[in-house]
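According to the working numbering, the first sequence is numbered sequentially starting from 20. Glycine included, every Cβ here is placed at the ideal spot set by N, Cα and C. Just so it is clear, the structure is predicted and the values come from calculations on it, not from any experiment. See structure below.
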Amino acid sequence: MPELPEVETVRRGLAPVMEGMRITAVEQRRADLRAPFPERFVERLRGQRIDRLTRRAKYILVGLDGGETLVLHLGMSGSFRIDEETPGQFHHPRSNNPSHDHVVFHLSNAIRVTYNDPRRFGSMDVVRTAELAADPRLSQLGIEPLGADFNAQALARVCAGRSTPLKAALLDQRLIAGLGNIYVCEALWRAKLSPWRGAGAIARKDGTPGLRARRLAEAIGAVLAEALEAGGSTLRDHRLANGALGYFQHHFAVYDREGSPCPRAECSGIVARVVQNGRSTFFCPVCQR
DNA sequence: ACACTATCCTGCAGGC
DNA sequence: TGCCTGCAGGATAGTG
């Protein structure tokens with residue numbers, strides 16, 4: 020799935036065509052994705068004017084003028100496609116098999132926004148905006164790593180006292196919200212920290228940040244910022260070719276690079292793959308300690 | 001409270 | 001060529 024940078028890229032791609040527009044019709048082509056659609060899904064959206072698109076962790080929040088918010092999650096394989104409301108539709112090669120087009124939003128600007136999700140791990144829900152903050156999916160989320168209050172101190176605080184490996188801690192959305200398997204691997208590599216190291220070891224005994232917490236916080240920020248930058252350029256390119264939003268090509272230092280030399284010039288290590296909590300971890304056993 | 005597993009689903013790559 | 005296996009960017013219910 021799209022992790023935070025991909026989700027933010029999708030939000031930035033959708034916002035200009037959706038904000039301020041009215042939803043004229045919704046095609047809901049099945050009863051569920053990962054979870055059932057909410058009651059009266061189509062009726063609650065039809066006729067609503069879209070206020071603003073925001074993001075919290077990997078959720079896209081579509082504010083509606085009637086006091087409700089459409090809560091979107093792309094799961095592992097969700098993507099959106101933007102196209103004009105014209106009859107002659109064209110197919111995108113691969114990955115956009117039209118049989119996985121589960122929801123189509125028709126907008127007042129004659130734009131059609133189609134949600135495609137082969138694995139159907141994504142979700143769509145409609146929640147009263149006033150109750151959004153109390154929604155368990157959002158209220159349990161940890162620090163926003165691109166937010167103003169994310170720093171070494173905040174990172175040390177959530178890691179302090181935990182014996183679970185750093186890899187698992189960084190994937191835990193209740194501690195830090197938005198990282199996924201790729202960017203956790205990339206951030207740990209950048210910070211030269213072993214994925215096996217206990218999370219608590221990056222904080223001092225009193226919970227204040229040490230050198231490792233500072234390195235890791237910097238690495239997380241940098242890795243996400245670079246990915247966002249890559250997403251931004253892909254967005255511009257994609258906009259010309261087709262309207263597909265969801266994934267973009269980005270070069271990774273260690274993710275999916277088992278057997279390749281560690282990209283750090285001064286390091287002679289070879290990228291290894293291990294499994295932690297059932298997920299692949301890619302790392303350099305030489306420079307990550 | 002915490003940590004770990006199994007599971008939802010389809011597509012694709014690799015081995016035979 | 002086809003068949004089989006394992007694996008994939010996530011979240012969460014269930015277990016110990």
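My output table needs one value for H269: the three-state DSSP class, helix, strand or coil. For this step, residue 269 is matched to residue 250 along the first sequence. DSSP places H269 in coil when its eight states are reduced to three.
Proximity winner among A220, P24, M143, relative to F124 (alpha-carbon distances): In the first sequence, counting from the first residue as 1, residue 124 sits at position 105. It is M143 whose Cα lies nearest to the Cα of F124.
Suppose contacts are defined by Cβ-Cβ distances below 8 Å. Is R30 in contact with L72 by that definition? The count along the first sequence starts at 1 and reaches residue 30 at position 11. The count along the first sequence starts at 1 and reaches residue 72 at position 53. Yes. Within cutoff.
Which value, in whole angstroms, describes the spacing of the CA atoms of C306 and V90? Reading the first sequence from its first residue, position 287 is the one you call residue 306. Reading the first sequence from its first residue, position 71 is the one you call residue 90. Between C306 and V90, the C-alpha separation is close to 41 Å.
What's the C-alpha gap between A122 and L23? Locating residue 122 in the first sequence gives position 103, where the first residue counts as 1. Locating residue 23 in the first sequence gives position 4, where the first residue counts as 1. This sequence places Val at residue 122; Ala is not what is there. Cα to Cα, V122 sits roughly 22 Å from L23.
Pair within 8 Å by beta-carbon distance, V273 and E163: Indexing the first sequence from 1 puts residue 273 at position 254. Indexing the first sequence from 1 puts residue 163 at position 144. No, these two residues do not count as a Cβ contact at 8 Å.
For a quick check, are the C-beta atoms of R138 and S96 less than 8 Å apart? For this step, residue 138 is matched to residue 119 along the first sequence. For this step, residue 96 is matched to residue 77 along the first sequence. Contact flag set, yes.
Quick one: grab the DSSP three-state call for Q172. Against the first sequence, residue 172 aligns to sequence position 153. Reduced to three states, the DSSP call for Q172 is helix.
In the DSSP output, what is A222 paired with across the bridge? Taking the first sequence and counting its residues from 1, the one referred to as residue 222 is at position 203. A222 is bridged to P228.
Straight-line CA distance for R223 to G82? The residue labelled residue 223 in the question sits at position 204 within the first sequence. The residue labelled residue 82 in the question sits at position 63 within the first sequence. Rounded to the nearest angstrom, the two C-alpha atoms are 41 Å apart.
Taking DSSP as the reference, what is the three-state secondary structure of Y202? In the first sequence, the residue the question calls residue 202 occupies position 183. Note: Y202 maps to helix in three-state DSSP.
Three-state class that DSSP yields for P164 in the structure shown: Within the first sequence, the letter at position 145 stands for residue 164. Three-state DSSP puts P164 in coil, outside helix and strand.
Cβ atoms of K186 and R308: under 8 Å apart, would you say? Start at 1 with the first residue of the first sequence, and residue 308 comes out as number 289. Start at 1 with the first residue of the first sequence, and residue 186 comes out as number 167. Against a cut-off of 8 Å, the Cβ pair of K186 and R308 comes out as no contact.
Grab me the residues of D70's own chain with a C-beta within less than 6 Å of its C-beta, minus the 5 sequence neighbours each way, in chain order. Here the question's residue 70 lines up with position 51 in the first sequence. Closer than 6 Å at Cβ, skipping near neighbours: G82, D84.
Buried or exposed: which applies to E104, given that a residue is buried once 16 or more other Cβ atoms fall within 10 Å of its Cβ? The residue labelled residue 104 in the question sits at position 85 within the first sequence. Classification of E104: exposed, given that the 10 Å Cβ count is below 16.
Give the straight-line distance between the Cα atoms of R234 and A171, rounded to the nearest whole angstrom. On the first sequence, position 215 is the one that residue 234 refers to. On the first sequence, position 152 is the one that residue 171 refers to. Cα to Cα, R234 sits roughly 8 Å from A171.
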